[in-house]
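Below: one structure, written as structure tokens.
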Amino acid sequence: MKLKPNILLIMCDQLRYDCLTSNIVKTPNIDRLGNRGVSFTNAYSQTPVCIPARHSLISGQNAFEIGLNENSLNRKEIRYPLPRIIRDLGYYTCAVGKMHFVPVREHFGFDHMYLSEEIPSHIEDDEYLKYLRDEGYGHVIEPHGKRSKTYYVPQISELPKEVHTTAWTANKTIDVIEKNKNRPFFIFSSFIKPHPPFDPCKPYHEMYDVENMPLPIQVDEIIDDAILVQNGYKVDGIDKLSDYDKKKIKAYYYASVTQVDEYIGKILDCLEENNLWENTLVVLTADHGEMLGDHNGYGKRTYYEESAKIPFVLSYPKVFKQGVEVNSLAILPDIYATIIKAAGGEVPEISCGVDLTDVCTMENTYTRDCLYAQYGFGRRFKAMIRWDKYKYIYMANGRREFLFDLEKDPLELNPIKDEEVFSEKRKELCKYFEKYGMEVPGYEYDPPVVGSFLDQTPRWHLR
Numbered sequence: 001m002k003l004k005p006n007i008l009l010i011m012c013d014q015l016r017y018d019c020l021t022s023n024i025v026k027t028p029n030i031d032r033l034g035n036r037g038v039s040f041t042n043a044y045s046q047t048p049v050c051i052p053a054r055h056s057l058i059s060g061q062n063a064f065e066i067g068l069n070e071n072s073l074n075r076k077e078i079r080y081p082l083p084r085i086i087r088d089l090g091y092y093t094c095a096v097g098k099m100h101f102v103p104v105r106e107h108f109g110f111d112h113m114y115l116s117e118e119i120p121s122h123i124e125d126d127e128y129l130k131y132l133r134d135e136g137y138g139h140v141i142e143p144h145g146k147r148s149k150t151y152y153v154p155q156i157s158e159l160p161k162e163v164h165t166t167a168w169t170a171n172k173t174i175d176v177i178e179k180n181k182n183r184p185f186f187i188f189s190s191f192i193k194p195h196p197p198f199d200p201c202k203p204y205h206e207m208y209d210v211e212n213m214p215l216p217i218q219v220d221e222i223i224d225d226a227i228l229v230q231n232g233y234k235v236d237g238i239d240k241l242s243d244y245d246k247k248k249i250k251a252y253y254y255a256s257v258t259q260v261d262e263y264i265g266k267i268l269d270c271l272e273e274n275n276l277w278e279n280t281l282v283v284l285t286a287d288h289g290e291m292l293g294d295h296n297g298y299g300k301r302t303y304y305e306e307s308a309k310i311p312f313v314l315s316y317p318k319v320f321k322q323g324v325e326v327n328s329l330a331i332l333p334d335i336y337a338t339i340i341k342a343a344g345g346e347v348p349e350i351s352c353g354v355d356l357t358d359v360c361t362m363e364n365t366y367t368r369d370c371l372y373a374q375y376g377f378g379r380r381f382k383a384m385i386r387w388d389k390y391k392y393i394y395m396a397n398g399r400r401e402f403l404f405d406l407e408k409d410p411l412e413l414n415p416i417k418d419e420e421v422f423s424e425k426r427k428e429l430c431k432y433f434e435k436y437g438m439e440v441p442g443y444e445y446d447p448p449v450v451g452s453f454l455d456q457t458p459r460w461h462l463r
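Mapping of the sequence shown onto this note's numbering: residues 1 to 463, in sequence order.
Structure, rendered in structure tokens:
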């Protein structure tokens with residue numbers, strides 16, 4: 001009988017895709033994972049904010065198909081949640097860390113859940129808070145960093161690294177692996193960090209020299225003002241930050257990334273020490289990225305590369321190629337499909353995910369012609385089409401549209417203004433809308449102007 005692979009899904013909240021390729025950020029363990037797997041260089045979060053992205057992965061559907069166009073609590077039923085499918089295939093299933101599910105303890109088929117939520121509703125709902133209380137740190141009011149107007153102010157964690165949420169998530173994951181190594185397991189291990197506040201523990205806070213940090217990408221025109229205000233918190237004088245302030249924010253973010261990387265390494269060590277990695281599908285990704293001052297903004301909720309593009313690494317040494325990069329377009333529901341197929345199941349027809357097995361074995365690198373994404377309602381509505389070397393962004397606020405050539409302009413500094421070129425690419429876009437838009441209930445194709453139907457957001461109400 002074929003041996004079922006173990007499955008380990010690792011998610012880092014708000015991890016930028018370029019942390020995996022940077023010459024500045026120290027991520028030796030994520031690099032180790034990439035060297036033993038396949039890295040997708042064009043993977044995107046279609047609704048780049050926490051709740052929609054995570055439910056998109058769990059459901060295998062576009063977030064807007066289940067009513068999650070924003071960080072909302074009003075989602076529709078998830079008919080075929082990933083953990084339940086995998087459990088029914090004979091796996092032990094477990095969630096560790098930040099899930100950000102709606103409702104909080106919705107198990108979706110997980111046999112056990114050990115939560116460390118970013119904003120827990122009550123200590124009894126959160127295993128990490130109970131752990132802190134038992135360890136003598138119950139007096140720490142904000143263990144994940146001080147929020148409010150200090151949300152993006154660099155901080156040093158009040159906690160020693162040994163009891164920080166990052167260490168707890170890794171240690172609990174290792175404990176679950178050790179206790180279930182003799183049966184097939186599916187573990188979703190999800191780190192809160194490097195989500196802000198950027199509060200690395202000592203000594204990580206001194207790891208990056210502030211003065212040597214590169215400045216963020218600065219622009220004269222802010223295309224998407226959503227990146228100036230995030231999660232209801234406005235940083236006073238955000239447009240008046242000194243260069244030193246901007247560098248320090250970046251240094252503390254990178255420090256948080258390196259702290260998470262160290263503990264990811266401990267999980268990978270556990271797999272190796274127990275001779276499990278060869279037959280374990282390890283997936284590393286993020287729910288979205290972080291602007292980190294680029295384009296004069298912070299946070300997510302926008303379709304700039306820094307926000308929407310995500311790290312996306314799949315390692316399965318027994319089957320997949322190793323140390324390979326592919327530029328195929330990928331989305332979070334692809335993880336859903338790939339995990340189900342690896343476990344021996346059938347992907348529900350309702351899923352928009354693509355099984356990436358053939359891509360990871362290099363039998364076929366094609367995934368999709370283009371990628372459609374959307375976020376928000378009303379004036380906040382925006383959409384993205386990503387295809388070939390191009391990215392098109394539409395924003396309902398002002399009915400603005402932008403087209404970028406990412407090969408010539410990878411930093412997205414110079415939207416294409418040549419009307420002849422724009423007109424030609426708009427024709428291509430209309431073909432993609434006609435091909436893919438029909439999959440969305442309520443869609444009405446209107447070819448003359450790409451943005452014309454996107455502006456009619458009420459017509460995008462779904463099942």
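The beta carbon of each residue, even a glycine, is placed where N, CA and C say it ideally should be.
- Counting only residues of its own chain and dropping the five nearest sequence neighbours on each side, residue 174 has a CB closer than 8 Å to the CB of 266, 267, 270.
- With contact defined as three or more Cβ pairs closer than 8 Å, the region 328 to 341 and the region 80 to 95 are in contact.
- A Cβ-Cβ contact shorter than 7 Å links residue 258 with residue 207.
- When rounded, the separation of the alpha-carbon atoms in residue 297 and residue 402 is 18 Å.
- Secondary structure note for residue 55: its alpha helix (DSSP H) is the uninterrupted segment 50 to 59.
- In the displayed model, residue 332 falls within a helix according to three-state DSSP.
- With contacts defined as CB atoms closer than 7 Å, residue 42 and residue 413 fail to qualify as a contacting pair.
- Under DSSP, residue 11 takes part in a beta bridge, and its partners are 190, 285.
- Collapsing the DSSP output to three states places residue 367 in coil.
- Apart from the 5 residues on each side of it in sequence, residue 45 sits with its Cβ closer than 7 Å to the Cβ of 53, 287, 288, 308, 310, 332 in its chain, given in chain order.
- The beta carbon of residue 111 is closer than 7 Å to those of 87, 92, 93, 94 in its chain, skipping five residues each way along the sequence.
- Excluding its 5 nearest sequence neighbours in each direction, residue 317 has C-beta neighbours in its own chain below 7 Å: 36, 277, 278, listed in chain order.
- The region 375 to 440 is shown to contain whole alpha helix (DSSP H) runs of 4 or more residues at 419 to 437, in chain order.
- Two segments are said to touch when three or more pairs of C-beta atoms, one from each, lie closer than 8 Å; by this definition the region 346 to 355 does not touch the region 18 to 29.
- Just measuring C-alpha positions, the residue of 424, 18, 381 sitting nearest residue 290 is 18.
- Cβ neighbours of residue 199 within its own chain (closer than 6 Å, five residues either side excluded): 145, 155, 157.
- When DSSP assignments are scanned along the region 55 to 118, the uninterrupted stretches of alpha helix (DSSP H) that are 4 or more residues long and fall wholly within it turn out to be 82 to 88.
- In the structure shown, residue 41 falls within a strand segment according to DSSP collapsed to helix, strand and coil.
- In the three-state reduction of the DSSP assignment, residue 6 falls in the strand class.
- Looking at 172, 215, 160, 151, the one whose alpha-carbon comes closest to that of residue 195 is 151.
- Approximately 18 Å separates the beta-carbon atoms of residue 33 and residue 256; this is outside 8 Å, ruling out the contact.
- Annotation for residue 417: no residue places its beta carbon closer than 8 Å to its own, counting only its chain and skipping 5 residues before and after.
- Here residue 97 is buried: its Cβ has 16 or more other Cβ atoms, across all protein chains shown, within 10 Å.
- For residue 261, the number of other beta carbons within 10 angstroms of its own is at least 16, and it is reported as buried.
- For the 7 Å CB-CB criterion, residue 285 and residue 8 do not form a contact.
- Distances from the alpha-carbon of residue 147 to those of 421, 350, 118, 161 put 118 closest.
- Annotated as distal: residue 186 and residue 169, with beta-carbon spacing of 7 Å or more.
- As a beta-bridge residue in DSSP terms, residue 372 pairs with 385.
- Boundaries of the beta strand (DSSP E) harbouring residue 313: 312 to 315, taken from the DSSP string.
- Look at residue 361 here: in three-state DSSP terms it is coil, with no helix or strand label.
- DSSP links residue 185 through a beta bridge to 92.
- Nearest to residue 103 by alpha-carbon distance, out of 114, 89, 143, 121, is 121.
- Here residue 258 carries a helix assignment [DSSP, helix/strand/coil].
- With a 10 Å radius around the Cβ and a threshold of 16 neighbouring Cβ atoms, residue 346 comes out exposed.
- With respect to the 7 Å criterion, residue 411 and residue 217 are classified as neighbours on the basis of their beta carbons.
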